[in-house]
Amino acid sequence: MTLTTHAIVGAAAAKLFPQHYILAFFAGFISHFFIDAIPHWDYTLSSMKKDEQNPLNNDIVFGRSFILDLLDIGFDFFLALFLPLLIFSSNEISQSLIVLCGAVGGVSPDALQFVYFKFRREPLVSLQKFHQWIHADTKIESWKRGIPAQLAIAVFVIFISTKI
């Protein structure tokens, strides 16, 4: 899933806890794993070194490819913060902070993967094992199908969250 999709779902989950920033963050964090269990498309990271035999050995290689990946990730992260605020925020700063907590919680498991790749220690090892276990085995290979599928998930979650 893109960070943007995770952030929108995380922000929607956070709305269940309008007075509790920490619970809002963890609602977003937990939502990440629920939607990662759905078959989806991921954009390719050129700097990713994959170990097909043991995915726990995957790594990010710093270099030119990593810099280019950071541009993609940075744009996605900008949308991941901007769109949930645009969609869910009200005039109250406290509600905007709740939305932001959920959005940040929603993208945090992917950010923690980067930390895991460089520091393979607990609790990151257990979190990475869980993240890989929960992740859908089936992937949508084409961005032409993957982006509309994620857009549909985001629109569905936005619609449901307005009814709660």
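So the sequence shown is residues -16 to 147, counted in the numbering used here. Quick reminder that beta carbons are idealized off the backbone N, C-alpha and C, glycines included. Quick caveat: nothing in here was measured; it's all calculated off a predicted structure.
- Cα atoms of I70 and A137: separation of roughly 11 Å, rounded to the nearest angstrom.
- For secondary structure counted as the alpha helix (DSSP H) over 4 or more consecutive residues, the region 120 to 147 holds these complete runs in sequence order: 126 to 146.
- Straight-line spacing of the CA atoms in L64 and L83 works out to 7 Å.
- I141 and I18 have their alpha carbons spaced roughly 14 Å apart.
- If the five residues before and after H118 are omitted, its C-beta is found closer than 8 Å to the C-beta atoms of D19 and A20, all from its own chain and listed in chain order.
- Rounded to the nearest whole angstrom, the C-alpha separation of D120 and K112 is 14 Å.
- By the Cβ neighbour-count rule, I5 is exposed, with fewer than 16 other Cβ atoms within 10 Å of its own.
- Distance from the CA atom of Q133 to the CA atom of I(-9), rounded to whole angstroms, is 11 Å.
- Distance from F49 to S30 at the Cβ level is roughly 4 Å; contact confirmed, criterion being Cβ atoms closer than 8 Å.
- Judged by DSSP in its simplified three-state form, H3 adopts coil rather than helix or strand.
- Across the set N41, L62 and F58, the C-alpha of N41 shows the shortest separation from the C-alpha of K101.
- Put simply, the backbone Cα of S72 is about 37 Å away from that of R104.
- Excluding sequence positions up to five before and after S79, its CB lies within less than 8 Å of the CB of L68, S72 and S73, all in the same chain and listed in chain order.
- Restricting attention to L95, Q115 and A(-6), the CA atom closest to the CA of L107 is found in L95.
- Annotation for Q96: the continuous alpha helix (DSSP H) segment containing it runs I76 to K101.
- With contacts defined by Cβ atoms closer than 8 Å, F12 and P131 do not form a contacting pair.
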